[in-house]
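For the sequence shown, counting from 1, position 143 maps to 143 in UniProt numbering; every step adds exactly one. Backbone N, C-alpha and C fix where the C-beta goes; we use that ideal spot for every residue, glycine too. First up is the structure itself, then whatever we jot down about it.
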Amino acid sequence: MSYRVLSWTACLLFAGCAGQVKNPSAEESRSADIKIATQSESSPDSAASSVNVPSAIGLQSAPLLLKPPAQASTDFVQAGRASWYGKKFQGRRTASGERFDMHALTAAHRTLPFGTYVRVSNGSKTRSVIVRINDRGPYIKGRVIDLSLAAARMLGLREIQAGPVILERVGERNRLTPSYTAAHK
């Protein structure tokens, strides 16, 4: 009889410890990114350490940044094809835990740490947009990044579904705010 009482007590204790973890909204995470960027400029921490975290589909492990991405080097350059995702995923949780906002300048990348800012330029380098990595993907061979609808529109990719792009990690000075630039002819 005492075994049953102990097991029920243990179950109740564990159930009492369980609770909901509040995940940040897109707006809260944007302001947190700006706070992290400002704080990291004044703190002389060592290089960012990362942990391998399995992706949502389990195809590969992706690094999860434990320190601010401001410590990461800016020598990352990658060329390939970009696709975009929008309405179907609006409001769903991303791999980073925040809710997807198709109107925000965000993107999914297989390996870059969450919170990393990347300049995405179209193949002809006439347009570029700075996006924040907050999700994992794409999982289609030959694609290097999935852009939010807003970022795809700015690059002119919305109508063609996918197109050639060049990715460059953005350094400290340029990363506080996602932005858009177009070449003037």
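For residue i, which residues of its own chain have a beta-carbon under 8 Å away from its beta-carbon, when the five flanking residues on both sides are left out?
i	result
Leu149	Trp84, Tyr85, Gly86, Lys87, Met102, His103 and Arg158
Ile140	Ser83
Under 8 Å by Cβ, that's how I've got residue i and residue j pegged, so tell me the actual separation to the nearest angstrom.
i	j	result
Arg81	Gly163	7 Å
Ile145	Leu105	The Cβ separation is near 12 Å, so there is no contact.
Let's test the definition: count the other Cβ atoms within 10 Å of the Cβ of residue i and tell me whether it reaches 16, buried, or not, exposed.
i	result
Arg4	exposed
Ala79	exposed
Val77	exposed
Ser7	exposed
Rounded to the nearest angstrom, what separates residue i and residue j at their Cα positions?
i	j	result
Glu98	Ser2	45 Å
Ser121	Arg93	26 Å
Ile160	Glu168	22 Å
Thr116	Arg132	6 Å
Asp75	Phe89	31 Å
Leu155	Arg143	16 Å
Ile166	Gly123	7 Å
Val170	Pro138	20 Å
Phe100	Gly91	5 Å
Using C-beta distances below 6 Å, list every residue in its chain close to residue i, excluding the 5 sequence neighbours before and after it, in chain order.
i	result
Leu147	Ala82, Trp84 and Ala107
Indicate whether at least one CB of chain C lies closer than 8 Å to the CB of residue i.
i	result
Arg4	Going by chain labels, chain C is absent from the structure shown, which holds only one protein chain.
Got a sec? Which residues, its chain only, sit under 7 Å from residue i by beta carbon, not counting five neighbours each side?
i	result
Ala152	Trp84 and Arg158
Thr38	For Thr38, the predicted structure reports a pLDDT of 40, less than 50, and the residue's modelled location is therefore unreliable. The matter cannot be settled from this model.
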